Structure formats: structure tokens, C-alpha cells
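Colleague:
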Amino acid sequence: MTTIDAPRTPHTPVTKNRRVNWEKWGWLYMRASGILLVVLIFGHLFVNLFLGTGVKQVDFAFVAGKWASPFWQVWDVLMLWLALIHGGNGMRTIINDYAHGRPRQVMLGLVFAAVAILIVLGTLTLVAFDPCPTGADPSLLPSFCPASSK
Amino acid sequence: MSSQVARSGAATSTKIRGPKRPAGTLYRGREGMWSWVLHRITGVAIFFFLLVHVLDTALVRLSPEAYNSVINAYKTPLLGLGEIALVAAIGLHALNGLRIILIDFWSVGTRHQRLLFWIVIGLWIVLLAGFVPRQIMHIFFGGA
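These protein sequence lines map, in sequence, to chains A and B.
Counting in the working numbering, the final residue of the first sequence is number 176, and the numbers go up one at a time with none missing.
Counting in the working numbering, the final residue of the second sequence is number 173, and the numbers go up one at a time with none missing.
1. Between the C-alpha atoms of B:V116 and A:R130, what's the straight-line distance to the nearest angstrom?
2. Which residues in chain A sit within 7 Å of B:N97, going by Cβ to Cβ distance?
3. Using a cut-off of 8 Å between C-beta atoms, extract the partners of A:D163 located in chain B.
4. Assess, as a yes-or-no matter, whether the region 143-150 of chain A is touched by the region 102-110 of chain A under the definition of 3 or more beta carbon pairs within less than 8 Å.
5. Compile a chain-ordered list of the residues in the region 64-89 of chain B whose CB is closer than 8 Å to at least one CB of chain A.
6. Between the alpha carbons of B:R90 and A:H70, how many angstroms are there, rounded?
7. I want to verify the contact list: residues of chain B whose CB lies under 8 Å from the CB of A:R128, in sequence order.
8. Start and end of the alpha helix (DSSP H) containing B:L88?
9. Go ahead and pull the three-state DSSP assignment for B:S64.
10. DSSP three-state label for B:R46, please.
11. Going along the chain, which residues of its own chain have a beta-carbon closer than 7 Å to the beta-carbon of A:Q99, five neighbours each way excluded?
12. Check each candidate in A:T79, A:I61, A:I121, A:H37 and name the one with the smallest Cα separation from B:I129.
13. Contact criterion: CB-CB distance below 8 Å. Does A:L71 meet it with respect to chain B?
14. Among B:L79, B:G151, B:V81, B:V99, which residue has its Cα nearest to the Cα of B:L121?
15. Output needed for B:L261: all residues of its chain with C-beta closer than 7 Å, excluding positions within five of it in sequence on either side, in chain order.
16. Can you pull the chain A neighbours of B:I132, defined as C-beta to C-beta under 7 Å?
17. A:V81 touches chain B at which residues, Cβ-Cβ below 9 Å?
18. Listed from N- to C-terminal order along the chain, which residues in the region 141-158 of chain A have their beta-carbon within a distance smaller than 7 Å of any beta-carbon of chain B?
19. Please list, in chain order, the residues of the region 56-71 of chain A that have any C-beta partner in chain B closer than 9 Å.
20. Counting only beta-carbon separations shorter than 8 Å, does A:L108 have a partner in chain B?
21. Taking Cβ positions, are A:V64 and B:L79 nearer each other than 8 Å?
22. Since A:D163 contacts B:P93 with CB under 8 Å, what's their CB separation in whole angstroms?
23. Are the Cβ atoms of B:I70 and B:I119 separated by less than 8 Å?
24. Report yes or no: do the region 136-152 of chain B and the region 51-61 of chain A share at least 3 C-beta pairs separated by less than 8 Å?
25. From A:G116 to A:P159, what distance separates their C-alpha atoms?
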């Protein structure tokens, strides 16, 4: 005698499906990082584009002055990682919606490479930053550098 | 088919017309669809700006001169207006992102998704009303 499964029984028992649900974590990441990015990016825009003389205040000395503080170092490195992964995952979603086969694979590879390279480049830029490079034009250096003429 | 409609229309003096746009879907052509379209367009635009922005910032490792010469491009009137477009895109993406989170996690978020869209538009206009005059002041009247 054959038996029939109860209605709505999953094809594979739920308890046996122990693989990580990456799509679920990606979905959750977009929301969690999104909330943090609203704070980080609005703060970034407010300080760099709204306060003071806005975009016209931004130069090497301005960046060096900000990165002299661990507060802005952590702020910017968090923004870098969260935004690039958020953006890369968003691009992945869109590519998966519209592309198929080989073009899809190529575009996914390009997005992944761009995100990975820029995370490494951006992090190195911040970690290895020298606010007072030797031999630089003294008028371009922040005022706290010994060689500065400001 | 059309002749049948015309004949019955003559009897009742009304004509039956097909719907102007596909009917019967929740999202098509309404706030839900347009918020989704705008979220995608702004998201892609911000992503490409982010790629450029990390590269131009990395120039601080090359030399102060290299960084300043490239960042000076952001201070021109043309890119000053571009920054308004950038802030507009980021503002819309951010506010609609918060709307999406409310729809996903707030028990009555889905029911109010349409109202939430118009709240997003309202807050976005307030945000731009704060930024745009300030940016125009900086770009066109801010000296060197």
C-alpha cells in the first residue's frame, strides 16, 4: 500500500536542508547596511558639502585634517566597505534580473572585481595615508605638518 | 468582435472600451512601480559615482598636487550642478530604502506603502530645499 504525503509537505525535509541561505543574508545585509549608510553618507555629505565653504573647501589639507582623527578614519573605512558591498550586491540583483548565460557571468565578474579592487585600494589609501609627505609643496600641506607653510 | 461591441453599444447607447493599460496587477504604473524604477536607476548611478569617487580619493597617496588638481574639477559650475543631481539621487535612494525597510518589517508597512512613497517625496523635497540653495551659493558665489 502506498502512502501519500500530507498536503504542503516540502519536497526536501526542512531539517535536512542545513546549507547557508546566502540570498536571505544578502537580503538582510541590504537593509542593515542601508540604515548605517543613511547615517554615514548623510553625515559625510553634511560635513564635506554643506558645512564651511562646501565642496570648495575640499583639498589635500582638508582630507589630511579629517584623517588625523581616528573618528573619521573609522567613519570613512566603514562607509567604503558597507557602500561598495551594498552597491555590488545591488548590481548583482539587477544583472540577475536582466542578463542570462555568458553576458551575465561576465558582468557579475566585472562587478565583483571592481568591488574587490576598490575595497583593497580604498582601505590601503586610508591605512597607509601620510598627511605630511616629504618633498611636497609646503603650501598644500595641513597646518600641523612641520613643513607646512599654512 | 468590435462590430458586436458596436451593435450592443448601439442598443444601450454606450461603448465598451478596452483598458488603456494592463489592468489587474498591484504595482504596474502606480507608486509601487515608480519607486522601484527610481530605486534601481538611482542605485546604479550612485554605484558608478562611487567607483569614480574611491579612485579620485586614492590620489591622496600619489601626491597633494595630483589630488587637488582632480578634486578641483568637482568645484566647477558643471560638476557643482552634478553634485546636486548626486545628492538628489542619494536622498531618494536613502529615503525610499527606509520605506522598503518599513514595508518589510513594520506590520502595517505594506498597507501604507503608497502613503509612505509620498512621504518619501515630501522629505526628499525638504532635503533638496535645504541643500540646493546652499550648493548654488558655494558654487557660484563661494570665491575660489
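No residue lacks a Cβ here, since even glycine has one placed at the ideal position from N, Cα and C.
Here the structure is a predicted model, which means the values were calculated and not measured.
Modeller: Taking the definition as stated:
1. Reading the second sequence from its first residue, position 87 is the one you call residue 116 of chain B. Reading the first sequence from its first residue, position 104 is the one you call residue 130 of chain A. The straight-line gap from Cα to Cα measures roughly 30 Å.
2. As a working note, residue 97 of chain B is residue 68 in the second sequence. Those within 7 Å of B:N97 in chain A are D85, F86, L166.
3. The residue you call residue 163 of chain A lines up with position 137 of the first sequence. What A:D163 touches in chain B: P93, E94.
4. Under the three-pair Cβ rule at 8 Å, the region 102-110 of chain A counts as touching the region 143-150 of chain A.
5. Listed in chain order, the positions of the region 64-89 of chain B with a beta carbon within less than 8 Å of a beta carbon of chain A are R69, G72, V73, I75, F76, L79, L80, V83, L84, T86, A87, V89.
6. Stepping through the second sequence from its first residue, residue 90 of chain B is reached at position 61. Stepping through the first sequence from its first residue, residue 70 of chain A is reached at position 44. One C-alpha to the other measures close to 20 Å.
7. Looking up residue 128 of chain A in the first sequence gives position 102. Within 8 Å Cβ-Cβ: nothing; A:R128 doesn't reach chain B, min ~21 Å.
8. As a working note, residue 88 of chain B is residue 59 in the second sequence. Per DSSP, B:L88 belongs to no alpha helix (DSSP H) and is neither H nor E.
9. Sequence index remark: in the second sequence, residue 64 of chain B carries index 35 (1-based). DSSP places B:S64 in helix when its eight states are reduced to three.
10. The residue given as residue 46 of chain B occupies position 17 in the second sequence. Note: B:R46 maps to coil in three-state DSSP.
11. Along the first sequence, one-based indexing puts residue 99 of chain A at 73. Spatial neighbours of A:Q99 in its own chain (CB-CB distance under 7 Å, excluding positions within 5 residues in sequence) are listed in chain order as W93, L152.
12. For the purposes of this step, residue 129 of chain B is taken as residue 100 along the second sequence, with counting starting at 1. Checked all of A:T79, A:I61, A:I121, A:H37; the closest Cα to B:I129 is A:I61.
13. In the first sequence, the residue the question calls residue 71 of chain A occupies position 45. Cβ-Cβ to chain B under 8 Å: yes for A:L71.
14. Sequence index remark: in the second sequence, residue 121 of chain B carries index 92 (1-based). The shortest C-alpha separation from B:L121 is found at B:G151.
15. Outside the displayed span of chain B (30 to 173) sits residue 261 of chain B, for which this structure offers no information.
16. For the purposes of this step, residue 132 of chain B is identified with residue 103 of the second sequence, where counting begins at 1. The contacting residues do not exist; B:I132 stays about 11 Å from chain A at best.
17. Locating residue 81 of chain A in the first sequence gives position 55, counting from the first residue. Around A:V81, the beta-carbon contacts reaching into chain B at under 9 Å are I100, Y103, K104, L108, G109, E112, Q164, H167, I168, G171.
18. L144, L147, G148, T151, A154, F155: these are the residues of the region 141-158 of chain A whose beta carbon lies less than 7 Å from some beta carbon of chain B, given in chain order.
19. Those residues of the region 56-71 of chain A placed with their C-beta closer than 9 Å to a C-beta in chain B are M56, R57, G60, I61, L63, V64, I67, F68, L71, ordered along the chain.
20. To locate residue 108 of chain A, count along the first sequence from 1; it is residue 82. A:L108 does not count as touching chain B.
21. On the first sequence, position 38 is the one that residue 64 of chain A refers to. On the second sequence, position 50 is the one that residue 79 of chain B refers to. Going by C-beta atoms, A:V64 is not nearer than 8 Å to B:L79.
22. Sequence index remark: in the first sequence, residue 163 of chain A carries index 137 (1-based). Sequence index remark: in the second sequence, residue 93 of chain B carries index 64 (1-based). The beta carbons of A:D163 and B:P93 sit about 6 Å from each other, so the pair counts as a contact at 8 Å.
23. As a position in the second sequence, residue 70 of chain B is number 41, starting the count at 1. As a position in the second sequence, residue 119 of chain B is number 90, starting the count at 1. The criterion of a C-beta distance shorter than 8 Å is not satisfied by B:I70 and B:I119.
24. In short, these stretches do not touch, since the Cβ pair count stays below three.
25. Translated into the one-based positions of the first sequence, residue 116 of chain A becomes position 90. Translated into the one-based positions of the first sequence, residue 159 of chain A becomes position 133. Roughly 38 Å between the two C-alpha positions.
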